[in-house]
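Working notes, structure below.
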Amino acid sequence: MSAVHVISHPLVQHKLTIIRDKSTGPKDFRDLVEEVSLLMAYEVTRDMPLEDHEVETPIGKTVGKVLTGRQVGVVPILRAGLGMVNGVLKLIPAAKVGHVGVYRDPDTLKPVEYYCKLPVDVEERQVIVLDPMLATGGSAAAAIEYLKEKNVTSIKFMCLLAAPEGIELLQREHPDVPIFTAAIDERLNEHGYIIPGLGDAGDRLFGTK
Ligand code: PRP
Ligand code: URA
Numbered sequence: 001m002s003a004v005h006v007i008s009h010p011l012v013q014h015k016l017t018i019i020r021d022k023s024t025g026p027k028d029f030r031d032l033v034e035e036v037s038l039l040m041a042y043e044v045t046r047d048m049p050l051e052d053h054e055v056e057t058p059i060g061k062t063v064g065k066v067l068t069g070r071q072v073g074v075v076p077i078l079r080a081g082l083g084m085v086n087g088v089l090k091l092i093p094a095a096k097v098g099h100v101g102v103y104r105d106p107d108t109l110k111p112v113e114y115y116c117k118l119p120v121d122v123e124e125r126q127v128i129v130l131d132p133m134l135a136t137g138g139s140a141a142a143a144i145e146y147l148k149e150k151n152v153t154s155i156k157f158m159c160l161l162a163a164p165e166g167i168e169l170l171q172r173e174h175p176d177v178p179i180f181t182a183a184i185d186e187r188l189n190e191h192g193y194i195i196p197g198l199g200d201a202g203d204r205l206f207g208t209k
């Protein structure tokens, strides 16, 4: 079963509370989602491999560490995942970005895929899938399935809020994919929204409601 990491860092938790607040408007919401994504990316990349690297300082020689291993690919699930991209890129500027478009049908709550554009070498990369909300888990599971069909083997999933139902589905369908979240909320309501959640992430990011 995949691991679930809850990022309990005080800065993440403080900012998440402001993100949840219904009086936080789109600009602050966007800024905070970006900031939290950057902070969370520290934890998501904690196991990146390092190798020794000789370096000459102005005073003398020493052996430091540099990153080795897979390059990173960042894949936001459109649309709300877009809000997390810049935060992650600030930390990993060399990462390439792919986009997977999935929306949740409001009646069936089933994911509908409508777009995909990935880096050409995506299968060689450590891919971090971004979506602020893991609700039923359908959208994340579909996006990850799509990446696996493209031969991507190394995938992590990063969200702001996860419902127990979504975690269960993702662990069942993709037990190899670790989940990183800032909080695990109580449950879903009858419309598939996370309780207490933060509302509709896409609408709050882009001011569409
Ligand atoms: C939201 C959210 C996730 C999905 C989560 O997207 O950003 O992608 O719902 O729900 P699930 O876990 O039940 O699939 P939405 O479908 O509202 O599309 P949007 O990002 O375009 O607003
Ligand atoms: N999508 C959202 O944007 N919010 C939820 O609570 C659930 C799905």
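Quick note: the sequence shown uses this note's numbering, first residue 1, plus one each step. By construction, the Cβ of each residue, glycine as well, lies at the ideal position given by its N, Cα and C atoms. Keep in mind that this is a model prediction, so the values were computed, not measured.
Given a threshold of 16 other Cβ atoms within 10 Å of its Cβ, counted over all protein chains shown, does Met84 qualify as buried or as exposed?
-> With 16 or more other CB atoms across the displayed protein chains lying within 10 angstroms of its CB, Met84 is buried.
Quick one, are the C-beta atoms of Gly199 and Tyr193 less than 9 Å apart?
-> A contact, by the Cβ cut-off of 9 Å.
State yes or no: is the C-beta of Gly137 nearer than 8 Å to some heavy atom of the ligand PRP?
-> Indeed, a heavy atom of the ligand PRP lies less than 8 Å from the Cβ.
Please work out which residues of its chain come closer than 6 Å, Cβ to Cβ, to Gln126, disregarding the five sequence neighbours upstream and downstream, and give them in chain order.
-> So the list reads Arg70, Val72, Ser154, once near-sequence residues are dropped.
DSSP on Ile167, reduced to helix/strand/coil?
-> Per DSSP, reduced to three states, the secondary structure at Ile167 is helical.
Give a yes or no on whether the C-beta atoms belonging to Ile184 and Phe157 are separated by under 9 Å.
-> Not closer than 9 Å, so no.
For Lys61 and Ile77, the rounded distance between their alpha carbons | Approximately 45 Å between the Cα atoms of the pair.
By a C-beta neighbour count over all protein chains shown, 10 Å radius and 16 as the cutoff for buried, is Pro49 buried or exposed?
-> Per the 10 Å Cβ criterion, exposed.
Does the ligand URA have a heavy atom nearer than 8 Å to the CB of Tyr193?
-> For Tyr193, the CB falls within less than 8 Å of some heavy atom of the ligand URA.
In chain order, which alpha helix (DSSP H) runs of at least 4 residues are fully inside the region 45-115?
-> You should have 82-91.
Under 9 Å between C-beta atoms of Asn86 and Glu34 | Against a cut-off of 9 Å, the Cβ pair of Glu34 and Asn86 comes out as a contact.
So the beta strand (DSSP E) Thr181 belongs to, where does it begin and stop?
-> Taken as a continuous stretch (DSSP letters only), the beta strand (DSSP E) holding Thr181 covers 179-184.
Cα-Cα separation, Ile195 to Thr24 = Taking the straight line joining both Cα atoms gives about 18 Å.
Element boundaries [alpha helix (DSSP H), containing Ser139] = 138-149 is the span of the alpha helix (DSSP H), which, as asked, contains Ser139.
Just confirm the distance between the C-beta atoms of Ala94 and Val74, as a whole number of angstroms; I'd bet it's less than 8 Å.
-> The Cβ separation is near 11 Å, so there is no contact.
Inter-residue Cα distance where the pair is Leu82 and Val63 | Val63 has its alpha-carbon roughly 38 Å from the corresponding atom of Leu82.
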